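**Student:**
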Amino acid sequence: MAPNTSPSSGNASPTPSFLDAPLASLVHPTASRRPADAITVQSENTVYTDEYITSTFHNRGADVVVQEGGRYVVKPTVTPFEFRTQRKVPKTGLMLVGIGGNNGTTLVATILANRHNISWHTKSTIQRPNYIGSLLRASTIRLGLDATGKDVYAPLSDLLPMVHPNDLVLGGWDISGVPLDAAMKRAAVLEWDLQRQVAPYMKELGAPLPSIYYPDYIAANQEERADNVIPGNDKGVHLAQIRKDIRDFKATNGLDQVIVFWTANTERFSDIIPGVNDTAEAILASIKDSHEEIAPSTVFAVASILEGVPFINGAPQNTFVPGVIKLAEQRKSFIGGDDLKSGQTKLKSVLAEFLVNAGIKPLSIASYNHLGNNDGQNLSSQRQFRSKEISKSSVVDDMVAANHLLYKTKAEVEAEQGVSGKNTKNVKGEHPDHVVVIKYVPAVGDSKRAIDEYYSEIMGGGRSTINIFNECEDSLLATPLILDLTILAELLTRIQYRELATRKAAEFKPLHPVLSLLSYMLKAPLVKPGTDVVNSLSRQRNALECFLKACIGLEGSSDLLLETRIW
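Positions in the sequence shown are counted from 1; adding 457 to them yields our numbering.
Encoded structure:
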């Protein structure tokens, strides 16, 4: 039976909490429900109807011509757009690939604890359920000034109608057939008292759906967990089964929308082979032929695309080979990834940007991690670690490329080395040495340790070293990101746009299938083909904030605060 749960489902009666009733009845601000019209914009740029919020937005940019001698000619541009957001929030299901793992069980238990308002004892206090760590549920956005000239901040989730996490209908697949209550115990992430109270609700969900297992793609040490797999080696049959699972889950629970999310093991990278996975037609044919370079995550992605439901990849492997992206573009079906950005990499994208923007030149960044959960065990295999290494290593690239005063460009390196023509193929611009190490240490469990050293050049040939030690509970940081990605992916399916400059695009159309607006939560953001990746955390947050504001007719964030700088 497909595991699923909705706000109205379930007859479980967990052991009564011994907590004081007044405290247990309190709902944490991050889990509270707020009016759908909490923010109303009164402007000629914004129109509200029962069905839509329609806004006019002027996208301001600049065309730049770089001339000889280091001169720049800048021409400001303004392009008017209209955005239309459907106001009705659909009944939404979340299907997790790897629902029985650390992230999967932690997410399910967290939603159940919030839905049923289960408080629990820790060693030192009484803990209420919450969604701390969620960008949407636990952060705010500056709207403007009140009558006294003070800044006014509102929850980010109030900008547009969004799914409440408590309302998500839950289900999914796992190669391990252990029921979810036992899987939660195996993961050993949550406090015992919370596990005790939420276990009856978890038990009600039963065992995960059988998943896809190709031994070549994950570490050999995962084989003993693989007791719940779709039989056979026919990848076409596997694709058909996953599509059926999605349809059945949607129909059984009366859903309007389903989001499929990969939170299973990191896979090895797939080789990109012309005629195998480089076009939409090739990827479908290769699945039918059960080609060895078709990964389980790619089968899930293709199944989701063909069913017209968003698919998010929360792991670092190259699920989205070129053929999958082209198929998504053909079908106008949304995809996003890759790899959850929860701890060390998120901090790195902040600190590296700070150093470079401060005019300090990082020469090397050395990152060491050790952890003891099943993710760490899988990553102890070299081919799976290589996927993670690639996603973690690219995080500083765009920040380095943005400052040619500190780092020599590719052209400058070529000139310095005296190379030209075909010899320039392997020449790259100057870049910090960047090393990533991950080790499996079972004793520490889900509590990941990360150590970073930033070794930089400062004025006059001086050197600066910054060392950071970070300890975090991996799944408790990852779970809110899964929720954010799910909620945003659903929201973006309800937003359409049209360009007003030419008046030719009379019909609204959906956003591009590659949801690069999800970048804030991802280590190696997938972007529209032909566009640059942005890894700067501040730019990623600002892009998302500006887009959501644009959808209600507000200008993007500005810290100019001109009113505080003039008479």
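All C-beta atoms, glycine included, are put in the ideal place defined by N, C-alpha and C. This structure is a prediction, so every number in the text was calculated from the model and none was measured.
Opposite R599 in the DSSP bridges: which residues?
**Tutor:** In DSSP, R599 forms a bridge with Y610.
**Student:** Could you tell me the alpha carbon to alpha carbon distance between P967 and G634, rounded to whole angstroms?
**Tutor:** Roughly 38 Å separates the two Cα atoms.
**Student:** So, is F926 buried or exposed, given that buried needs 16 or more other C-beta atoms within 10 angstroms?
**Tutor:** By the neighbour-count rule (16 or more Cβ atoms within 10 Å), F926 is not buried but exposed.
**Student:** Please state the DSSP three-state secondary structure of L804.
**Tutor:** Residue state, collapsed to three classes: helix.
**Student:** Quick check on the DSSP output: the beta strand (DSSP E) that includes P665 runs from which residue to which?
**Tutor:** Segment: none, P665 is in no beta strand (DSSP E) and carries neither H nor E.
**Student:** Under 8 Å by Cβ, that's how I've got M552 and G628 pegged, so tell me the actual separation to the nearest angstrom.
**Tutor:** At roughly 5 Å, the Cβ-Cβ gap stays under 8 Å, so M552 and G628 are in contact.
**Student:** Given a threshold of 16 other Cβ atoms within 10 Å of its Cβ, counted over all protein chains shown, does G1010 qualify as buried or as exposed?
**Tutor:** Answer is buried; the Cβ neighbour count reaches 16.
**Student:** Name the two residues that bound the continuous beta strand (DSSP E) containing I510.
**Tutor:** Taken as a continuous stretch (DSSP letters only), the beta strand (DSSP E) holding I510 covers 509-524.
**Student:** Please state whether the Cβ-Cβ distance between G550 and V626 is less than 9 Å.
**Tutor:** Yes, they are a contact pair.
**Student:** Do T755 and G561 have their beta-carbon atoms positioned less than 9 Å apart in this structure?
**Tutor:** Their beta carbons are not under 9 Å apart, which means G561 does not touch T755 by this criterion.
**Student:** For G558 and T506, I'd like the C-alpha separation in whole angstroms.
**Tutor:** The straight-line gap from Cα to Cα measures roughly 43 Å.
**Student:** Given a threshold of 16 other Cβ atoms within 10 Å of its Cβ, counted over all protein chains shown, does A478 qualify as buried or as exposed?
**Tutor:** Per-residue confidence for A478 stands at a pLDDT of 45, beneath the threshold of 50, marking its modelled position as unreliable; the derived number appears in the next sentence. A478 should be labelled exposed.
**Student:** Is N722 closer than 9 Å to I792 when the C-beta atoms are compared?
**Tutor:** No, the pair does not count as a contact, with Cβ atoms beyond the cut-off.
**Student:** Between which residues of its own chain and V694 is the CB-CB distance below 8 Å, once the five residues before and five after are set aside?
**Tutor:** Closer than 8 Å at Cβ, skipping near neighbours: I687.
**Student:** By DSSP's criteria, Y825 is part of a beta bridge. Which residues make up the other side?
**Tutor:** Its beta-bridge partners are V894, I908.
**Student:** Checking the sheet assignment: what are the DSSP bridge partners for F718?
**Tutor:** F718 pairs with L553, I769.
**Student:** Assuming contact is defined by CB atoms lying nearer than 9 Å, are S747 and D691 in contact in what I supplied?
**Tutor:** Cβ distance < 9 Å, so S747 and D691 count as in contact.
**Student:** Whose C-beta lies closer than 6 Å to the C-beta of I923 among residues of the same chain, with five residues either side of it excluded?
**Tutor:** Excluding positions up to five away in sequence, the list reads Y911.
**Student:** Give me whichever residues DSSP pairs with K966 in a beta bridge.
**Tutor:** DSSP lists Y954 as partners of K966.
**Student:** Under 8 Å: does the beta carbon of I915 sit that close to some heavy atom of the ligand PLP?
**Tutor:** Questions concerning the ligand PLP fall outside what the structure shown contains, since it holds no ligand whatsoever.
**Student:** Quick check on this structure: which residue in G829, V715, S1015 has the alpha carbon closest to the alpha carbon of R643?
**Tutor:** Considering only alpha carbons, the answer is G829.
**Student:** Using the beta-carbon count (16 or more within 10 Å), is G780 buried or exposed?
**Tutor:** Flag for G780 reads buried.
**Student:** Assuming V853 and H891 form a contact by the criterion Cβ under 8 Å, report the distance between their Cβ atoms to the nearest whole angstrom.
**Tutor:** Sure, about 7 Å apart at Cβ, within 8 Å.
**Student:** I need the straight-line Cα distance from N516 to S591, nearest angstrom please.
**Tutor:** Cα to Cα, the separation comes out at about 28 Å.
**Student:** Do I1023 and L564 count as a contact pair if the criterion is CB distance below 9 Å?
**Tutor:** Result no, Cβ atoms of L564 and I1023 do not sit closer than 9 Å.
**Student:** Assuming Q698 is part of the alpha helix (DSSP H), what are its boundary residues?
**Tutor:** Counting along the chain, the alpha helix (DSSP H) containing Q698 begins and ends at 692-709.
**Student:** Where does N927 fall in DSSP's three states?
**Tutor:** N927 falls in the strand class under three-state DSSP.
**Student:** Helix, strand or coil, according to DSSP, for A478 in the structure here?
**Tutor:** The predicted model places A478 with a pLDDT of 45, which falls under 50 and marks its position as unreliable; any figure quoted below should be read in that light. In the structure shown, A478 sits in a helix (DSSP, three-state: H, G or I).
**Student:** With distances taken from CA atoms, which of V504, P547, G771 is nearest L712?
**Tutor:** Looking at the Cα atoms, P547 is the closest of the given residues.
**Student:** With burial defined as no fewer than 16 other Cβ atoms inside 10 Å of the residue's Cβ, what is the status of I703: buried or exposed?
**Tutor:** It counts as buried.
**Student:** Between the alpha carbons of L1005 and N734, how many angstroms are there, rounded?
**Tutor:** Cα-Cα distance, rounded: 35 Å.
**Student:** List the endpoints of the continuous alpha helix (DSSP H) containing T562.
**Tutor:** Element bounds for T562: 559-572.
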